[in-house]
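Residues in the sequence shown are numbered from 32 upward in steps of one, following my numbering.
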Amino acid sequence: MRRTDAGDTVASVPCSGVGEDARQDRRLAGWCRAMLLLTATAQPAWAAVLQVSDHGTVQATVDAAADGDSVVLAAQTYVEQVTITKAITLEGAGVGQTILRAPAAASLMQSGGNWTNLKNQDVFAIIGVKTGTAGQVTIRNLTVDGDDQGYLPDAAYPNKNDYDFQGIGVYDANVIIDSVLVTGVRALASDYGFGPPDVYPDEPAGMNHNASIFAESAEGAGTHTLVVRNSTITKFQKTALLAWGPTLVVDIHDNTLQGYGQTLHSSGNGIQIASSNLSGGAGTSGDRRGTTGAIANNRILGFGHVIPEPGGVFDPVTGFYSNGSYLNPWQSGPSGILLYEAGAGVRITGNTITGPGIHSWHSNLTSSNGGYSSTGINVTNSMNVTVTGNRISGFDVGILEGAALPGSVFNVAGNTLSANDIDIWSASGNDQIALRPHSETIAFRQTGNGIDTLSGFGPGDRIRVIGFVAGSVNGMIGSDPVHMTDTSGNPRINGYTDGQPVVDFTGGTVGAGDGSNVPARSARVSISGGITRLHIDTDGVDGPPELVIDLNGPYSPENFVLAGDTIGYVATPVNIPTLSGWGLMLLSGLLAGLAGFRTRRLAPESGS
Numbered sequence: 032m033r034r035t036d037a038g039d040t041v042a043s044v045p046c047s048g049v050g051e052d053a054r055q056d057r058r059l060a061g062w063c064r065a066m067l068l069l070t071a072t073a074q075p076a077w078a079a080v081l082q083v084s085d086h087g088t089v090q091a092t093v094d095a096a097a098d099g100d101s102v103v104l105a106a107q108t109y110v111e112q113v114t115i116t117k118a119i120t121l122e123g124a125g126v127g128q129t130i131l132r133a134p135a136a137a138s139l140m141q142s143g144g145n146w147t148n149l150k151n152q153d154v155f156a157i158i159g160v161k162t163g164t165a166g167q168v169t170i171r172n173l174t175v176d177g178d179d180q181g182y183l184p185d186a187a188y189p190n191k192n193d194y195d196f197q198g199i200g201v202y203d204a205n206v207i208i209d210s211v212l213v214t215g216v217r218a219l220a221s222d223y224g225f226g227p228p229d230v231y232p233d234e235p236a237g238m239n240h241n242a243s244i245f246a247e248s249a250e251g252a253g254t255h256t257l258v259v260r261n262s263t264i265t266k267f268q269k270t271a272l273l274a275w276g277p278t279l280v281v282d283i284h285d286n287t288l289q290g291y292g293q294t295l296h297s298s299g300n301g302i303q304i305a306s307s308n309l310s311g312g313a314g315t316s317g318d319r320r321g322t323t324g325a326i327a328n329n330r331i332l333g334f335g336h337v338i339p340e341p342g343g344v345f346d347p348v349t350g351f352y353s354n355g356s357y358l359n360p361w362q363s364g365p366s367g368i369l370l371y372e373a374g375a376g377v378r379i380t381g382n383t384i385t386g387p388g389i390h391s392w393h394s395n396l397t398s399s400n401g402g403y404s405s406t407g408i409n410v411t412n413s414m415n416v417t418v419t420g421n422r423i424s425g426f427d428v429g430i431l432e433g434a435a436l437p438g439s440v441f442n443v444a445g446n447t448l449s450a451n452d453i454d455i456w457s458a459s460g461n462d463q464i465a466l467r468p469h470s471e472t473i474a475f476r477q478t479g480n481g482i483d484t485l486s487g488f489g490p491g492d493r494i495r496v497i498g499f500v501a502g503s504v505n506g507m508i509g510s511d512p513v514h515m516t517d518t519s520g521n522p523r524i525n526g527y528t529d530g531q532p533v534v535d536f537t538g539g540t541v542g543a544g545d546g547s548n549v550p551a552r553s554a555r556v557s558i559s560g561g562i563t564r565l566h567i568d569t570d571g572v573d574g575p576p577e578l579v580i581d582l583n584g585p586y587s588p589e590n591f592v593l594a595g596d597t598i599g600y601v602a603t604p605v606n607i608p609t610l611s612g613w614g615l616m617l618l619s620g621l622l623a624g625l626a627g628f629r630t631r632r633l634a635p636e637s638g639s
């Protein structure tokens, strides 16, 4: 017998010579070859477990480790930054027990001495990972605490967007983050002199940087995978979890991301996958598009900011009203999940995503001069994304396709949507949207849509058409695009009282027709091969339709009702002829046979 490098005990066998029994000899030779192959391919497994107590600091222990080793952190607080360049495991004693806390902002060091990201920002990570190999790094069972140290000194960074403060930063490496709490990776609004804290306590700064978990894999770096599971992110700034780069694949599942419920200055996203192409820019800027993977079964809670309606005393210097309201036409709102120029086939499934529950008084999605909005899932210029089985509530738009690539199909099905101003809004592709038996609002722009196919359109559902003429606010036009007084003398936001819809179907009709000529403010209905096509005029002028929608199944013109900027569903009555004798008996038997079956969509279900 002998021991391999892997520590396994194997039998020593003769691997030459011929036995007396030829069959036995062949069996022995085959077994021998298998053992030789096993011992030849066995890898050394002298992986070590290193204790921080033996080396003084976490960084010193990591430096002493080799690929495959584990660095074990005791149940205590370590105030330091750590840089990992080897395929090791960093293991704590548990969340809330082992805490790796950021030093004071003035003492933070640039990770790796000179690391920058594809946005050409200097990187200051509490745990920074860059291996340059295909090895696996695992970080688990600990807390990473940014301690609100995300405002670096003005002397070093007068422009705060020139750096990125990160809880865990991953660069061209394969990393698993498992059972980790990341918190406090942010600067505060008070660092910039913003307030008032009595309206929005614990307010993060609104600068476009600082991510709790960040990962990138650059073009030409080889494929890398980021796995984040069973983890929690709280008290973040711009983005809770940000991942970009064309060679990065993500697997983000079973995590909890806790937002603020409502914020004034921050437009922080929950999970953002991919971003724009910065190639040709300064320094190491590069292509951040093309990230692929899956986002599944996460709880993304309390995301979205709430700007109070104008009221009180307006300060023309700050642009604020005394109650904290302001209008910034260039600031859009946050998203629970944002895909921006991601790679093909990203899957978003089974997530629970909640917004602030208060709709924006001035939404950039429905207003020609910008504003604010909050979205549950926002998919922009990302090919063939699938969004299924998610629960989304409390947003301006539940599921938004902000922009579509040519040939892309946006697949939306089986999502539970509630308390959203608009539930689903798709862009220019020929998308597939399956509705559930709830009351849902599906929005389209006045022009520039593809031909979407809707399945399950029924009671409580409505199609809303949004216009964007100059001065429109929330799809409405009126005497004042920001603030006005209604006919009773009460202050109201334009678009909620006296405003008129930009696209107004009032006075229009619904009838049969092939769409060759649709009267102003009207819709025409045609059926072919089990598909009902709606031909809709949105410009108020007789002629070809500006909007075409396909509905799975047969519908008649009587199934649609026009009201303001919406097209709703109404059930058509069933005309039962007067029967007697055998005819009445047959009908009674038929109805009795159908008893107990629930006809689809008799009434909206709870939660709609």
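For every residue, glycine included, the Cβ atom is placed at its ideal position computed from N, Cα and C.
Per DSSP, the bridge partner or partners of Asn308: Numbered from 1 along the sequence shown, position 277 holds the residue referred to as residue 308. In the DSSP output, where bridge partners are listed per residue, Asn308 has Asp318.
I need the straight-line Cα distance from Ala71 to Ala187, nearest angstrom please. Translated into the one-based positions of the sequence shown, residue 71 becomes position 40. Translated into the one-based positions of the sequence shown, residue 187 becomes position 156. Low confidence applies here, because Ala71 scores a pLDDT of 37, under 50, leaving its location unreliable; read the following figure in that light. Taking the straight line joining both Cα atoms gives about 55 Å.
For Glu122, write down the residues that DSSP places opposite it in a beta bridge. Along the sequence shown, one-based indexing puts residue 122 at 91. Per DSSP, Val103, Arg171.
State the start and end residues of the unbroken beta strand (DSSP E) segment that holds Val579. Taking the first residue of the sequence shown as 1, we reach residue 579 at position 548. Val579 -> beta strand (DSSP E) spans 578 to 583.
Among Arg132, Pro575, Thr397, Gln107, which one has its Cα closest to the Cα of Gly125? By 1-based counting over the sequence shown, the position of residue 125 is 94. For Gly125, the nearest C-alpha among the options comes from Gln107.
If I'm right that Gly438 touches Gly407 with Cβ under 8 Å, what's the distance once you round it to whole angstroms? Within the sequence shown, numbered from 1, the residue matching residue 438 stands at position 407. Within the sequence shown, numbered from 1, the residue matching residue 407 stands at position 376. About 25 Å; that fails the 8 Å criterion.
Between the Cα of Asp535 and those of Gly364, Thr116, Asp596, spot the shortest distance and give me the residue it belongs to. Here residue 535 refers to the residue found at position 504 of the sequence shown. Looking at the Cα atoms, Asp596 is the closest of the given residues.
Helix, strand or coil for Asp483 per DSSP? Numbered from 1 along the sequence shown, position 452 holds the residue referred to as residue 483. Asp483 falls in the strand class under three-state DSSP.
Whole angstroms are fine: how far does the CA of Asp492 sit from the CA of Leu466? Here residue 466 is taken as the residue at index 435 of the sequence shown, counted from 1. Here residue 492 is taken as the residue at index 461 of the sequence shown, counted from 1. Looking at the two C-alpha atoms, the distance is approximately 9 Å.
Would you mind reading off the limits of the alpha helix (DSSP H) that contains Ala91? As a first step, residue 91 must be located in the sequence shown, where it is residue number 60. Per DSSP, Ala91 belongs to the alpha helix (DSSP H) from 89 to 95.
Leaving out the 5 sequence neighbours to the left and right, which residues in its chain are closer than 6 Å to Lys150 when beta-carbon positions are compared? As a first step, residue 150 is located in the sequence shown; it is residue number 119 there, counting from the start. Within the same chain, Lys150 has no close Cβ partners at all.
On a Cα-Cα basis, can you pick out the residue from Ile558, Thr537, Gly538 that is closest to Asn546? Residue numbering aside, residue 546 sits at position 515 when the sequence shown is read from its first letter. Contrary to the premise, residue 546 reads as Gly rather than Asn in this sequence. Cα-wise, what sits closest to Gly546 is Ile558.
Report buried or exposed for Trp77, applying the criterion of at least 16 other Cβ atoms within 10 angstroms of its Cβ. By one-based count along the sequence shown, residue 77 stands at place 46. Result: exposed.
If you run the structure through DSSP and keep just helix, strand and coil, what is Val533? Against the sequence shown, residue 533 aligns to sequence position 502. Coil at Val533, not helix or strand.
Beta strand (DSSP E) segment containing Asp454, residue limits: In the sequence shown, residue 454 corresponds to position 423, counting from 1. Taken as a continuous stretch (DSSP letters only), the beta strand (DSSP E) holding Asp454 covers 453 to 456.
Can you say whether Gly253 is buried or exposed, counting buried as having 16 or more other CB atoms within 10 angstroms of its CB? As a position in the sequence shown, residue 253 is number 222, starting the count at 1. Only exposed fits Gly253, as fewer than 16 other CB atoms lie within 10 angstroms of its CB.
Would you kindly work out how many angstroms separate the C-alpha atoms of Gly401 and Leu257, rounded to a whole number? Residue mapping note: residue 401 aligns to position 370 of the sequence shown, counting from 1. Residue mapping note: residue 257 aligns to position 226 of the sequence shown, counting from 1. Roughly 35 Å separates the two Cα atoms.
If contact is defined by three or more beta carbon pairs under 8 Å, each pair taking one atom from either stretch, is the region 433 to 453 in contact with the region 416 to 424? yes
With Val579 and Arg564 assumed to form a contact (beta carbons below 8 Å), what rounded beta-carbon distance in angstroms separates them? Counted from its first residue, the sequence shown places residue 579 at position 548. Counted from its first residue, the sequence shown places residue 564 at position 533. Indeed they touch by this definition, with Cβ atoms about 6 Å apart.
Glu111 by DSSP, collapsed to three states: which one? Stepping through the sequence shown from its first residue, residue 111 is reached at position 80. Looking at Glu111 - three-state DSSP - the assignment turns out to be coil, as it is neither helix nor strand.
Output the distance between the C-alpha atoms of Gly181 and Asp195, rounded to the nearest integer angstrom. By 1-based counting over the sequence shown, the position of residue 181 is 150. By 1-based counting over the sequence shown, the position of residue 195 is 164. Distance between the alpha carbons of Gly181 and Asp195 is about 8 Å.
When DSSP labels each residue in this structure, what does Tyr223 get in the three-state scheme? Here residue 223 corresponds to residue number 192 of the sequence shown, with the count starting at 1. It is helical.
Can you tell me where the beta strand (DSSP E) with Ala554 in it begins and where it stops? Here residue 554 refers to the residue found at position 523 of the sequence shown. Looking at the DSSP string, the run of the beta strand (DSSP E) that includes Ala554 is 554 to 559.
Taking DSSP's pairing of strands, which residues face His566 in a bridge? The count along the sequence shown starts at 1 and reaches residue 566 at position 535. DSSP output for His566 lists Arg555, Val579 as bridge partner(s).
So, does the region 138 to 156 touch the region 301 to 320, judging by three or more C-beta pairs under 8 Å? By the Cβ test, the region 138 to 156 is in contact with the region 301 to 320, since at least three Cβ pairs between them sit closer than 8 Å.
Helix, strand or coil for Asn205? Go by DSSP, reduced to three states. As a working note, residue 205 is residue 174 in the sequence shown. Annotated three-state conformation of Asn205 is strand, per DSSP.
Ala135, buried or exposed, once every other Cβ within 10 Å from all chains shown has been counted against 16: Here residue 135 is taken as the residue at index 104 of the sequence shown, counted from 1. It counts as exposed.
Any 3 or more C-beta pairs closer than 8 Å across the region 492 to 507 and the region 390 to 401: yes
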